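Written out below as structure tokens is the structure these notes cover.
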Amino acid sequence: MAATSQVFRVIRGRRFGRILVPAITCQNCSRSPHPCISATQPHSFEQRWRHQVRGYRTSPAWHTYYLTPPQVNSILKANEYSFKVPEFDGKNLSSVMGFDSNQLPANAPIEDRRSASTCLQTRGMLYGVFDGHAGCACAQALTERLFYYIAVSLLPHETLMELENAVESGRPLHPILQWHKHPNDYFSKEASRLYFSSLRTYWQELLDLSVPGEQPDVAEALVSAFKRLDSDISLEAQVGDPNAFLHYWVLRVAFSGATACVAHVDGNELHIANTGDCRAVLGVQEPDGSFSALTLTNDHNAQNESEMKRVRSEHPLSEAKSVVKQDRLLGLLMPFRAFGDVKFKWSIELQHRVLESGPDQLHENEHAKFIPPNYHTPPYLTAEPEVTRHHLRPQDRFLVLGSDGLWETLHRQEVVRIVGEHLTGVHQQQPVSVGGYKVTLGQMQGLLQERKARISSTFEDQNAATHLIRHAVGNNEFGMVDHERLSKMLSLPEELARMYRDDITIIIVQFNPHVISGQ
1 MAATSQVFRV
11 IRGRRFGRIL
21 VPAITCQNCS
31 RSPHPCISAT
41 QPHSFEQRWR
51 HQVRGYRTSP
61 AWHTYYLTPP
71 QVNSILKANE
81 YSFKVPEFDG
91 KNLSSVMGFD
101 SNQLPANAPI
111 EDRRSASTCL
121 QTRGMLYGVF
131 DGHAGCACAQ
141 ALTERLFYYI
151 AVSLLPHETL
161 MELENAVESG
171 RPLHPILQWH
181 KHPNDYFSKE
191 ASRLYFSSLR
201 TYWQELLDLS
211 VPGEQPDVAE
221 ALVSAFKRLD
231 SDISLEAQVG
241 DPNAFLHYWV
251 LRVAFSGATA
261 CVAHVDGNEL
271 HIANTGDCRA
281 VLGVQEPDGS
291 FSALTLTNDH
301 NAQNESEMKR
311 VRSEHPLSEA
321 KSVVKQDRLL
331 GLLMPFRAFG
341 DVKFKWSIEL
351 QHRVLESGPD
361 QLHENEHAKF
371 IPPNYHTPPY
381 LTAEPEVTRH
391 HLRPQDRFLV
401 LGSDGLWETL
411 HRQEVVRIVG
421 EHLTGVHQQQ
431 PVSVGGYKVT
441 LGQMQGLLQE
451 RKARISSTFE
461 DQNAATHLIR
471 HAVGNNEFGM
481 VDHERLSKML
491 SLPEELARMY
501 RDDITIIIVQ
511 FNPHVISGQ
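What the sequence shown shows, in the UniProt record's numbering, is residues 1 to 519, in sequence order.
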């Protein structure tokens, strides 16, 4: 990045970011590009910490200030949520025992979102993690809308007819979803009428296309729901709204973006629909009690060779060198699939027309006005998901859905080990790894004592997602939670937190092996 003639500023990203736009000089140290986010000069955590503290120290004690363990716990547990599937006659008849979820912000406000719900008109449960970029608006729209689109896509013809007749006659609708939400997971009341109108148009079209007595295919329903919602986001932004607030909101949703990873669990059938670089990883218990990771998604980015081929095949050979540059779509966007992001989907003419007729606030939006370089044959981006079907087995003990903030800090095998040991209370002791560091006998004794203390404090987290975030943020080079490091990371000012890590959002679904083996 530093070697190019064009300097860039990070809008969203852990050193490298999601979206790049022309740079301005760093406000923290008056240097450009910022030494702590330079792609060619990586710094250690401590080096970056010292550099930033020099620029932001507000009191002589700043660099020695640490959070107490209760303060750390208060921050980590602020957004945690747990749900246990209710039992009937003392028995859990579901393949899902329950789930834990949590979020830890890095952006202010947080750009990640999460959703969980039970399908009431059909069987199954839905879980989703949404990772926003260029703002939180698109991810917020997904958390409110996508599950409704999936739910109606799964409805048979007869139920769709009942829905439409109820609306026509003014009768109340039977609920489609039962939401499982943390109090902080809000819904936008102002846009509910618009959202319902678009959803109704969608189910009317499904009604025309469906056949009585036919059951929708889950994979096809997931793909249809993803693509239709993205289309509606685009159309709503083009049409606008007489209400000034709504007009601005739908444009914010369309010009920001979000990746999505959604799981649908119905009995022994698990479907994952993924668009972008969130991930779904299955925790599989081996005969010896240890846990192995089974990845159920592919990242849609430059590290995925088949995704690179797909993107290049959709554009002329003359764009072969420009469609992906520096591992980014058009040199700007890291994920190759996402909702919203109409800057990578609309023609230049359409973008200009919508912006000119839009509210004044949008004219001041640097990201909205910027046209990507080498923009010749849009669309360059799609929201179509890659769907994976997995038949659950008794050894499949849990599913981890996580935004990329988790996977940037922990390897998938480490994730399932931490979660598996937390859920079972059984710790598979491995030789202490020092990662090439030279340690004395006294230091090794200290490491072993730390590990013993870590095991004894495992159950301070009742929520498995909270426990995983604690490790993701606080692990040291020896794979142990370091309270000093955890305290530093959690006490970073809002202006700095994003330079060290991304938003982290996690949902952990625990399966019922007895029900699964019985089915």
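Cβ coordinates follow ideal geometry from the N, Cα and C atoms, glycine included. All of these numbers come straight from a predicted model, not from anything done at the bench.
Distance CB(Ala254)-CB(Leu142) smaller than 7 Å: Not closer than 7 Å, so no.
Inter-residue Cα distance where the pair is Arg389 and Gly170: Looking at the two C-alpha atoms, the distance is approximately 39 Å.
Whole runs of the alpha helix (DSSP H) within the stretch 460-485, excluding any shorter than 4 residues: Here the runs fully enclosed are 464-474.
Contact between the stretch 144-158 and the stretch 214-225 (3+ Cβ pairs under 8 Å): In this structure the stretch 144-158 lies against the stretch 214-225, because at least three pairs of beta carbons, one per stretch, are closer than 8 Å.
DSSP three-state assignment for His232, whether helix, strand or coil: As written in the sequence, residue 232 is Asp, which differs from the His given in the question. It is helical.
Rounded straight-line distance, which links the Cα of Leu468 to that of Gln71: About 18 Å.
Euclidean distance between Cα positions of Leu126 and Phe478: Cα-Cα distance, rounded: 36 Å.
Between the CA atoms of Glu421 and Thr58 - distance to the nearest angstrom: Confidence at Thr58 is low in this model, with a pLDDT of 40, below 50, so its placement is unreliable and the value that follows should be read with caution. Straight-line Cα distance between these residues: approximately 41 Å.
Expected contact under 8 Å - CB spacing of Leu406 and Ile508 to nearest Å: Not quite, the Cβ-Cβ distance comes to about 11 Å (not below 8 Å), so this is no contact.
Expected contact under 8 Å - CB spacing of Ile233 and Gly340 to nearest Å: So it is a contact: roughly 6 Å between Cβ atoms.
Cβ pair His315, Thr275 closer than 7 Å: No; because the gap between Cβ atoms is not below 7 Å, this pair is not in contact.
Tyr500 versus Ser347: straight-line alpha-carbon distance, rounded: One C-alpha to the other measures close to 36 Å.
Integer-rounded CB distance, given that Leu270 should sit under 8 Å from Leu392: Right, the Cβ-Cβ distance comes to about 6 Å (below 8 Å), so this counts as a contact.
Proximity below 7 Å, CB of Arg312 to CB of Ala137: Their beta carbons are not under 7 Å apart, which means Arg312 does not touch Ala137 by this criterion.
Whole-angstrom distance between Glu158 and Trp352, CA atom to CA atom: In the sequence on display, residue 352 carries His and not Trp. Between His352 and Glu158, the C-alpha separation is close to 44 Å.
Burial state of His180, where buried means 16 or more other Cβ atoms lie within 10 Å: Per the 10 Å Cβ criterion, buried.
Sequence-distant residues of its chain with Cβ nearer than 7 Å to Arg54 (five each side left out): Low local confidence applies: a pLDDT of 35 at Arg54 is under 50, so the model's placement there is unreliable, with the coordinate-based value given in what follows. Taking C-beta separations shorter than 7 Å and ignoring five residues to either side along the sequence, Arg54 has no partners in its chain.
Chain D within 7 Å of Leu492, Cβ atoms only: The structure shown contains no chain D; it holds only a single protein chain.
Three-way DSSP call (helix, strand, coil) for Arg50 in this model: Its pLDDT being 40, under 50, Arg50 is placed unreliably by the model, and the measurement read from it follows with that caveat. Arg50 carries a helical assignment under DSSP once its states are collapsed to helix, strand and coil.
Residue range of the alpha helix (DSSP H) that includes Asp131: Counting along the chain, Asp131 falls outside any alpha helix (DSSP H), though it belongs to the beta strand (DSSP E) covering Met125 to His133.
Neighbourhood of Ser306 by C-beta distance below 6 Å, restricted to the same chain and skipping five residues each side: Excluding residues within five positions, none has a Cβ falling inside 6 Å.
Three-state secondary structure (DSSP) of Ala497: In this structure, Ala497 counts as helix in the three-state DSSP scheme.
Buried or exposed by the 16-neighbour rule on C-beta atoms within 10 Å, applied to Lys84: Lys84 should be labelled exposed.
Alpha carbon of Glu494 to alpha carbon of Phe130, nearest angstrom: Straight through space, the alpha carbons of Phe130 and Glu494 are spaced by roughly 21 Å.
Limits of the unbroken alpha helix (DSSP H) element including Lys181: Per DSSP, Lys181 belongs to no alpha helix (DSSP H) and is neither H nor E.
Through-space distance from Gln326 to Ala39, alpha-carbon basis: Model confidence at Ala39 stands at a pLDDT of 33, short of 50, so the residue's coordinates are unreliable; what they give is reported in the following sentence. Going from the Cα of Ala39 to the Cα of Gln326 covers about 11 Å.
Whole alpha helix (DSSP H) elements within the stretch 77-164, 4-residue minimum: List check, alpha helix (DSSP H) in window: 137-153.
Own chain, CB closer than 8 Å to Gln140, minus 5 neighbours either side, in chain order: Counting only Cβ-Cβ distances below 8 Å, and skipping sequence neighbours, we find Arg113, Gly132, Ser188 and Val253.
Segment limits, alpha helix (DSSP H) that includes Ala383: Judged by DSSP secondary structure, Ala383 falls outside any alpha helix (DSSP H); it is assigned neither H nor E.
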